[in-house]
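Trainee:
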Amino acid sequence: MIKLNNISKSFGDNKVLDGISFSVEEGESIAIIGRSGTGKSVLIKHIIGLISPDSGSVKVDGHELMGMNERELLAIRRKFGMLFQGAALFDSLDVAENVAFPLRRSGVADETEIARRVDEVLSLVELPGTGAKMPSELSGGMQKRVGLARAIVHRPQIILYDEPTTGLDPVVSDSIDQLMMRVRDNYQVTSIVITHDMRCARRMGQRIIYLREGQVYLDAPADEVFNSEDELVGRFIRGEADFSVESV
Amino acid sequence: MSAAKGELFSFVEGMGRVALLAGEVFRSLFTTRLNWSELIRQLHFIGYKSQFVVLTTGASTGMVFCAQTFFQFHKVKMDTAALSVVGVAMTSELGPVLAGLMVAGRVGAAMTAEIGTMRVTEQIDALKCMATHPVDYLVVPRFLATVISMPLLTILAWLVGIGAAYLLAGKLLGIEEAFALKHMYFYTDAQDVLMGMIKAVVFGALISLVSCYHGLNCGKGAEGVGRATNEAVVHSCIAILVSNFFLTLFLRSILYPA
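In order, the protein sequences belong to chains A and B. Take the first sequence: its letters are residues 71 to 318, numbered as in this note's numbering. Take the second sequence: its letters are residues -7 to 250, numbered as in this note's numbering.
#1: Of the choices MET176/B, LEU208/B and SER235/B, whose alpha-carbon is the least far from that of ASP71/B?
#2: Specify the secondary structure class of LEU145/B as computed by DSSP and reduced to three states.
#3: Determine the extent of the alpha helix (DSSP H) in which LYS129/A is found, giving its start and end residues.
#4: Taking a Cβ distance cut-off of 7 Å, strictly less, list which residues of the stretch 111 to 135 of chain B are near chain E, in chain order.
#5: List the residues of chain B whose Cβ lies closer than 7 Å to the Cβ of SER106/A, in chain order.
#6: Quick one: which chain B residues come within Cβ less than 8 Å of PRO172/A?
#7: Please determine, among SER127/A, ARG220/A, GLY177/A and ILE121/A, the residue with the shortest C-alpha to C-alpha distance to ALA166/A.
#8: At what residues does the beta strand (DSSP E) containing ARG282/A begin and finish?
#9: Could you tell me whether the stretch 149 to 163 of chain A touches the stretch 118 to 132 of chain B, where touching means 3 or more Cβ pairs closer than 8 Å?
#10: Classify PRO198/A as buried or exposed, calling it buried when 16 or more other Cβ atoms lie within 10 Å of its own Cβ.
#11: Taking 8 Å as the threshold (beta carbon to beta carbon), is PHE160/A in contact with chain B?
#12: If you measure from the beta carbon of GLY156/A to each beta carbon in chain B, is any gap under 8 Å?
#13: Hey, is MET152/A's beta-carbon within less than 8 Å of any beta-carbon in chain B?
#14: I need the straight-line Cα distance from SER52/B to TRP28/B, nearest angstrom please.
#15: Between SER176/A and chain B, is any beta-carbon pair separated by less than 8 Å?
#16: For GLY210/A, which residues from the same chain have a beta carbon less than 7 Å from its beta carbon, with the 5 sequence-adjacent residues on both sides left out?
#17: Counting only C-beta atoms, is LEU135/A closer than 8 Å to chain B at any point?
#18: Taking just the CA atoms, how far does ASN75/A sit from ILE90/A?
#19: With DSSP collapsed to three states, give me the class of HIS116/A.
#20: Compare the beta carbon distance of LEU145/B and VAL46/B with 8 Å and say whether it is the shorter of the two.
#21: Let me check one thing: in DSSP terms, what residues is ILE199/B bridge-paired to?
#22: In or out: ASN84/A buried (at least 16 other Cβ within 10 Å) or exposed?
#23: At a Cβ threshold of 8 Å, is LEU144/A touching chain B?
#24: Checking contacts by CB at 8 Å: is ARG225/A closer than that to chain B?
#25: Could you check which residue in GLU223/B, ILE232/B and LEU243/B has the C-alpha nearest to that of GLU(-1)/B?
#26: If you measure from the beta carbon of ILE222/A to each beta carbon in chain B, is any gap under 8 Å?
#27: Near LEU135/A, what residues of its chain come up, given a Cβ to Cβ distance below 6 Å and the 5 sequence neighbours on each side ignored?
#28: By how many angstroms is the C-alpha of VAL286/A removed from the C-alpha of GLY109/A?
#29: Using alpha carbons as the reference points, say which of SER106/A, MET71/A, PRO123/A and LEU194/A lies closest to PHE81/A.
#30: From the DSSP output, which residues share a beta bridge with VAL263/A?
#31: Applying a beta-carbon distance threshold of less than 7 Å, which residues of chain B neighbour ARG338/A?
#32: According to DSSP, is MET274/A part of a helix, a strand, or is it coil?
#33: In its own chain, which residues sit with a C-beta less than 8 Å from the C-beta of ASP161/A, not counting the 5 before and 5 after it?
#34: Hey, how far is the Cα of ALA192/B from the Cα of ARG19/B?
#35: According to DSSP, simplified to helix, strand and coil, what is SER106/A?
#36: Answer yes or no: does any C-beta atom of chain B fall closer than 8 Å to that of ARG141/A?
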């Protein structure tokens, strides 16, 4: 279980997160939505300990991340898989080596077992036979799928997706959505998706958290959010600009 | 004046952080498994591929130094001492310092740019998310490869520098080769060689730590990587030159007891 309590974070004079609290139960799938610059990516990086909050607490399975040093955090991070916005594949490694990386680092030494699991996840993301390609030879959508394969190969308990469909065309976005749903349903993992793609949020989020100005504006089941009569939530879901409320 | 003061404070603060990174590297060396394939890749890049620049620098310096020394010594009829001066200077000072400056320019810049690009493209965050400490995976192999390569490159600089000076002295300047060699052996001590080796190891450690530090802490975007790369080369060179002075005094007091 993940529990965030009153998280605040500033960069210089810019207060990005301002008293964020919520929890995520085991096996739950939530989507965090909000406009660009509202701190969604900063928030997800707090959950995995890549950024420390100025105040507040982050607990993963009862372990408080605040105050842990980098090496203590490594043990906690073994529970996680993360798909980055730009995939963050290692340039110097080919696809198979990228996907095998978490297995090798977690001590799996049997090369046959590594090859079997790499082939299994590459097939799951519909990229069989691409193991020998370098990341630079892949399209953006293919890189995201390799990133997803790498995130799930060591069978983590929790998967974090940072804007998984940003910058992709609608068809590729749809395939990424389907893959994430397949992973969620096949592996029964806890999923947290950061997105401003409403179709992705609706498909992945059993619960939706709407962030606004560094705070949780709404935290509710997906149906409730998508049928909300709140003007701000409605406008965001419909993608309507409101020049009278805030500058664009 | 205040700008220079700011630069100095920033340099000293940076070196403090580099010292902390060194602590983390030593901890990692003794507690985590070494990434051998990365070490071999780095040895090839840092050691093997730096041979040309070190060779060129060594040969050029050896010949110029020999010629200039000869021109002055010739006035007092000490022609055959020219090679001795080259021998002592190359082994204890010029060899390690010039090899260090060349490696800082070629390898340090590449290290910072590679690690910095990994940082801005979130590959460092990806490493951490896969329960891998960036120091274990990125810094330790580069540190070891530089520390192993620098003494070997320094030996190359010595051999080529002294060899080129010997050829110049004998074939072009008309110095009696046998006497020049005898004087060089007489005046160049084992302590000079040891001092050069110790300096090469220290400079290798400084180059890798300073370069990796700037890569791991670089700013955002292409501008951030460019600035970090520039700072890495400048700070590595300053660190080599400043530490060389103190190392000379310190090692002299140890290796040549009064």
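Beta carbons are placed, not taken as given, at the ideal position from N, Cα and C, and that holds for glycine.
Mentor: Reading off the structure:
#1: MET176/B
#2: helix
#3: No alpha helix (DSSP H) holds LYS129/A; the beta strand (DSSP E) holding it covers 125 to 130.
#4: This model lacks chain E altogether, as its protein chains are A and B.
#5: Going along chain B, no residue has its Cβ under 7 Å from SER106/A, so there is no contact; the nearest lies around 16 Å.
#6: MET122 and ALA123
#7: ARG220/A
#8: 277 to 282
#9: yes
#10: exposed
#11: yes
#12: yes
#13: yes
#14: 35 Å
#15: yes
#16: GLY237 and LEU238
#17: no
#18: 7 Å
#19: helix
#20: yes
#21: Per DSSP, none; premise fails for ILE199/B.
#22: exposed
#23: yes
#24: no
#25: GLU223/B
#26: no
#27: GLY119 and VAL128
#28: 11 Å
#29: PRO123/A
#30: ALA101/A and TYR231/A
#31: The shown model of chain A, from 71 to 318, leaves out residue 338/A, and the question about it has no answer.
#32: helix
#33: MET204, PRO205 and SER206
#34: 22 Å
#35: coil
#36: yes
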